[in-house]
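All residue numbers for the sequence shown refer to the working numbering, where the first residue is -18 and numbers rise by one.
For every residue, glycine included, the Cβ atom is placed at its ideal position computed from N, Cα and C.
Okay, structure first, notes after.
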Amino acid sequence: MKRIDLDSIIEFWNWFKSISKNLLLEPARIDLISQIDSRISKIGRFDWEIGPWEDNAYYFAISPNLDSVKLEFTREFIRNAPKCFGWHFLPSKPPKSDWQGKWKMKNEMGNEILVDSSNWEYILYEFEDETFDMDIMINGIDGDDNVVNTAIDIALTGYLGEETFMRLIKNIKIVSSFEESYPNKATLVKHIKKHIESILH
């Protein structure tokens, strides 16, 4: 991707700092959310999110959308962030603590669907470089292949955090059952973070 003008980054952060106290008090405030959307879209095609952090603080994350090239930009973006009381800034989406793995999204028809990943199962295949391929078995999702793949990305980002997902999971195959050569090896996807940590440490 082309390099983004540093001036546009600094302009965003100067504005964010000016509204940071109000946003901390009302992190779901619609007018501020709309302004963040507008200002981020002027910088580039990035997602972003706000969520609770430690010690009653909040985080603001700009997302590379699972794109390693964009990750270099989001890191640069965060390096230019100002200090704002009560805020922690991240270059990708973090894992969601105590997440239940359920959310609503729209399918290709524009219909709202409920996705529940809490009962999805997977098997990992480890490589020498400490990355993994994955077979995953999911519940029925009312959507086409793009919707299904997006749902898997959302689930794994939520459980692992975006950077960990990008770094460690290389290939994902959706299966209807697991091979007979791997009996009792399947794990619920909600345990994947602890599972990978136990393998790598």
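Judging by CA-CA distance, which residue of His176, Asn92, Gly142, Asp116 is the nearest neighbour of Ser158?
The shortest C-alpha to C-alpha distance from Ser158 to any of His176, Asn92, Gly142, Asp116 is the one to Asp116.
Classify Tyr103 as buried or exposed, calling it buried when 16 or more other Cβ atoms lie within 10 Å of its own Cβ.
buried
Distance check for Asp114 and Ile135, CA to CA, integer angstroms please.
17 Å
I need the DSSP call for Ile135, collapsed to helix, strand or coil.
helix
At what residue ranges does the region 16 to 90 contain a whole run of the alpha helix (DSSP H), taking only runs of 4 or more?
49 to 60
Beta carbon of Pro72, beta carbon of Lys(-2): below 7 Å?
no
Measure the CB-CB distance between Lys95 and Lys87 and report whether it falls below 7 Å.
At residue 95 the sequence reads Leu, which differs from the Lys that was named. Contact check for Leu95 against Lys87 fails: the beta carbons are separated by 7 Å or more.
Compare the Cα-Cα distances from Trp80 to each of Leu(-13), His172, His182 and report the closest residue.
His172
Taking all protein chains shown into account, decide if Tyr106 is buried (16 or more other Cβ within 10 angstroms of its Cβ) or exposed.
Classification of Tyr106: exposed, given that the 10 Å Cβ count is below 16.
Per the DSSP calculation, Phe113 is bridged to which residue(s)?
Its beta-bridge partners are Glu107, Ile150.
Spatial neighbours of Asp125 within its chain, please: C-beta separation below 6 Å, excluding the five flanking residues on both sides.
Glu89
Is DSSP giving Asp125 helix, strand or coil here?
coil
For Pro75, which residues from the same chain have a beta carbon less than 8 Å from its beta carbon, with the 5 sequence-adjacent residues on both sides left out?
Scanning its chain for C-beta atoms nearer than 8 Å, with the 5 sequence neighbours on each side dropped, one finds around Pro75 the residues Gly32, Tyr40, Ala42, Gly142, Glu143, in chain order.
Buried or exposed (CB count within 10 angstroms, at least 16 for buried), Lys166
exposed
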